[in-house]
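Reading through the structure tokens given below for one structure.
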Amino acid sequence: MAFLKGHFLKMPFESGRKRSAAANIMKGRQAKQQLRESECVSSEEEPGDEQIDDMTMVYTDGTSDISTCASSAPSASSELNASKIHARLIEIKERLAERDDELLVISDQMFILREEIIDANKKISHQTLEKITIIRTISQVRQSRDYYKKKLHNCKKKQKTLPKMISRRAHQAVSSRFPHTSYAYSALENAVSKNKRKIAALAALQDIGKETNVQALLDDLINYCDQCPFQTFKYHLSVYQSVIVKTECQLSKSQLELMKKFVKEFTGKDIFPSVKLTCEMSKNESCIHLFQDSIVRKNEKDVVVVQCTDLMNLLRWRLESVGTNLIFDSITGDDLVVVIGGDSGGGNTKICMFIANVEESNSVDNMLPIAVYDDTDSYECMAAYLPNLIEQFNTLDSISYTVNGTTITKNIRRKVVGDFKYISESLSHMKQNAVMFCQYCECPNHRNATTLKDLHYHQRSKLRTMQSYMQYSKKGEKGVKKGSGPLFKCLEVTDYMVGMLHLVTGVFIRYIFWPLWTECMTADNNTSFEVITNKDKTEKIADTRVENLQKKWENCVLASKKRELKIELDNLKEERKKFQQVLQGVPDGKWKKLEKCWERHGASRKAYFQMYNGNHTKKLLTQKAIEDTFDIFVDMMNDKLYGLKGCMEELGKIMSLSANRVLDDKDLETLTLSAWTFLAHLAYGFPDDTVTQKLHVLLFHIPDIAENQKTLGRITEQGVEGKHAQFNRIERRFVCYRNKSQRWMAVVKEMLCATLANDYLKA
453 MAFLKGHFLK
463 MPFESGRKRS
473 AAANIMKGRQ
483 AKQQLRESEC
493 VSSEEEPGDE
503 QIDDMTMVYT
513 DGTSDISTCA
523 SSAPSASSEL
533 NASKIHARLI
543 EIKERLAERD
553 DELLVISDQM
563 FILREEIIDA
573 NKKISHQTLE
583 KITIIRTISQ
593 VRQSRDYYKK
603 KLHNCKKKQK
613 TLPKMISRRA
623 HQAVSSRFPH
633 TSYAYSALEN
643 AVSKNKRKIA
653 ALAALQDIGK
663 ETNVQALLDD
673 LINYCDQCPF
683 QTFKYHLSVY
693 QSVIVKTECQ
703 LSKSQLELMK
713 KFVKEFTGKD
723 IFPSVKLTCE
733 MSKNESCIHL
743 FQDSIVRKNE
753 KDVVVVQCTD
763 LMNLLRWRLE
773 SVGTNLIFDS
783 ITGDDLVVVI
793 GGDSGGGNTK
803 ICMFIANVEE
813 SNSVDNMLPI
823 AVYDDTDSYE
833 CMAAYLPNLI
843 EQFNTLDSIS
853 YTVNGTTITK
863 NIRRKVVGDF
873 KYISESLSHM
883 KQNAVMFCQY
893 CECPNHRNAT
903 TLKDLHYHQR
913 SKLRTMQSYM
923 QYSKKGEKGV
933 KKGSGPLFKC
943 LEVTDYMVGM
953 LHLVTGVFIR
963 YIFWPLWTEC
973 MTADNNTSFE
983 VITNKDKTEK
993 IADTRVENLQ
1003 KKWENCVLAS
1013 KKRELKIELD
1023 NLKEERKKFQ
1033 QVLQGVPDGK
1043 WKKLEKCWER
1053 HGASRKAYFQ
1063 MYNGNHTKKL
1073 LTQKAIEDTF
1083 DIFVDMMNDK
1093 LYGLKGCMEE
1103 LGKIMSLSAN
1113 RVLDDKDLET
1123 LTLSAWTFLA
1133 HLAYGFPDDT
1143 VTQKLHVLLF
1153 HIPDIAENQK
1163 TLGRITEQGV
1173 EGKHAQFNRI
1183 ERRFVCYRNK
1193 SQRWMAVVKE
1203 MLCATLANDY
1213 LKA
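Per the working numbering, the sequence shown starts with residue 453, numbered consecutively.
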């Protein structure tokens, strides 16, 4: 009981009831304490027997001993016993009071526990009700979800069937007016059926617009279709498309403003975006900020130079434009093939860069101009004006670019392409005038001493290397200029590639065109003047003959002899005029027939400075053109003409292998065989003719280059040469720029935009 008392007294009172119970206990204790004090006061008086009896009657529990003791105690010790009894009674009362207090505390605690149990039961019942409510709510939500799912499914069914119903009703309405309309309009080809559909559509628009003139409705409908993502119809041009139109049509800012103004005035539609935004985008998208113009003083002459200052970012800009269309085949492998080409024309030199991993790598629009300067394309000029550009290209080993959010890193294989002059200058070679006239080997040809009959397949010379070029450049030996060696030192000699079309054209002009011209002129010539292998040389020899006779007449002192010389001189001058007519072409003569024959095949040299270019050569080397050519000489065929016919046939095979394609082993064998068969036919007709640099390269080096590069037409110089016409055409637009540097910067920007437009139109 003491433990329970201590335990319950130490329990914290958590509620108002607990505090009230404690207060009641304290009040009871105070009352009992007062009672004890009063009893102690009364104990000083002697209690009588009646009082003792009353006490024993009240406190029956444990009082039997007391009554026994009282009755048996002797009277003499009554006082002592009374005091003991009184003390015992007080002790009993205290114990009873403690029991009462404990019982009272237990009772209060039991009441408190009962209240707590009742509260806990209430909470449990409340939580149970809440759970039941939540379960009911979840069930209702699930039922609602299932209900709306069914409703959504039904709506989708209606949505699918509604257009069918509408189209069926429209079909019925149109069919009632025009019975035969079961085909889509885009599939119609008959004009009458299309007109019927147009009439029906106009009637429907009039019915919807509630007016005869449907212009307002049609304008809004056009604008709506232009913005609708599900319609391919587009009426307004984007800013980017406006840049393409401006570039492809070669419009200036004022011309574009006029076009925008008149289109809006005549059609009522403003299809062009802001001209200012178009010009700003043209400037930003062209990457012209990567270029810098400068003026270099050389030989008392100011040379304007425009060149790229960041070749890496320019190439990255180009790759991100065509990154999804790059080609990686047996020619390129897994690398990027970046080519630099140059050519001089129109009084200035243009250096271009292009990527060989695209479909039409030799197109003019794929060429990126990277440098322009108004001087020749010599080794000294390029080294003086473009040292920074050359250094950038030499360190261009790899590049990283982003395509559709993916970063791609590729290694770079560098090439240099151009005509024989540009390749020789880039290698610091002295060209065909050197004793060792070949830039690929150390073949000697002193004063063109080597003839066609002397050539042999196994007669090969030591090949040049980049190390030999560097060594010979120190002293200027073996046809190498004295200086610092090749411009692009990071390449191999075989990476300096001559354009195949340029090479074949040169061989055709030298060994086929002029011999045919000589045969025609010899057949048409009815004078005493001699026709040799070249028109200029023929005219020069004829003029020299007249001049010598003129001097002889002037120096003659005998009158009779002078009169004879005078008559002879007049006759010779008259004959010279006739000979000039022969050189121009006799009507119905062999040369006129040959010119007309070649014109029928698309080769006319009148517009090209009286000479044929690469495209003409390609047309003339077809089998049909060859047969038509030698049909003219059917009545005068000889060893030379038979040899020339065989040469044209073999050169035509070589030209066909110069296309933009991969060469297999069979093609390489055909190339080598055709080259040496060409030589055999040529030596048969002209055994004493000399060997030029181009013929030497065709025979001894082109087969090896083709085997190494796997192609002869993927990397050529045509696009670089085509840049001259594009540059001149654009420069005429900016003729108002008096400052050449600013004018050329504007031209380069337009050329970059042309490349951008070409990529956009192809995509």
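Heads up, the beta-carbon is just placed ideally off N, CA and C, and yes, glycines get one too.
Three-way DSSP call (helix, strand, coil) for residue i in this model
i	result
K1105	helix
A901	coil
C972	helix
G870	strand
M918	helix
A886	coil
L1213	helix
N800	strand
L640	coil
N765	helix
F1186	coil
Q911	coil
D754	strand
V1038	coil
G1174	helix
V816	helix
Between the CA atoms of residue j and residue i - distance to the nearest angstrom
i	j	result
S876	N765	29 Å
D754	H954	32 Å
M1107	G937	33 Å
K686	C677	7 Å
V1200	T902	46 Å
K926	R916	15 Å
Q1194	V756	10 Å
D781	A643	48 Å
A668	L689	21 Å
F1130	T699	46 Å
C701	N1210	13 Å
V1116	K1162	Correcting the residue identity first, residue 1116 is Asp in this sequence and not Val. Each residue's alpha carbon lies about 7 Å from the other.
E1027	D988	18 Å
Y874	D795	7 Å
R636	K650	Checking the sequence, you will find Ala at residue 636 rather than Arg. One C-alpha to the other measures close to 13 Å.
A1047	V932	Reading the sequence as shown, one finds Glu at residue 1047 and not Ala. Approximately 42 Å, taken between the alpha carbons.
F1152	A1158	11 Å
S1012	K1018	10 Å
A1135	E1121	21 Å
Contacting residues, own chain, Cβ-Cβ under 8 Å from residue i (five flanking each side not counted)
i	result
K1044	G1037, V1038
N986	W966
T580	none
G797	E1173, H1176
V945	L879, Q891, Y892, L915, R916, T917, M918, Y921
Residue i classed as buried or exposed, judged by whether at least 16 other C-beta atoms fall within 10 angstroms
i	result
V1086	exposed
G928	exposed
R551	exposed
F889	buried
E737	buried
V1114	exposed
R770	buried
Proximal residues to residue i (C-beta, below 6 Å), its chain only, five neighbours per side dropped
i	result
C760	L742, F743, L766, I822
K1092	G1137
G1041	D976
C1205	T699, S734, S738
Cβ shell of residue i (< 7 Å), same chain only, five flanking positions each side left out
i	result
G857	none
S704	R1185
V816	G1171, G1174, K1175, Q1178
V956	T1069, L1103, I1106, M1107, S1110
A1055	Y1064, H1068, K1071, L1072
D826	V755, V756, G799, N800
For a minimum of 4 consecutive residues, which ranges assigned as the alpha helix (DSSP H) are wholly contained in the stretch 1080 to 1168? 1091 to 1108, 1117 to 1137, 1145 to 1152, 1154 to 1161
Ignoring anything shorter than 4 residues or poking outside the stretch 667 to 728, list the alpha helix (DSSP H) runs there in chain order. 667 to 679, 691 to 700, 705 to 719
Whole alpha helix (DSSP H) runs in the stretch 539 to 600 with 4 or more residues, listed along the chain? none
Where are the alpha helix (DSSP H) runs, 4 residues long or more, that stay fully inside the stretch 820 to 854, in chain order? 831 to 837, 839 to 846
Which ranges does the alpha helix (DSSP H) cover as unbroken runs of at least 4 residues, wholly within the stretch 931 to 974, from first to last along the chain? 952 to 960
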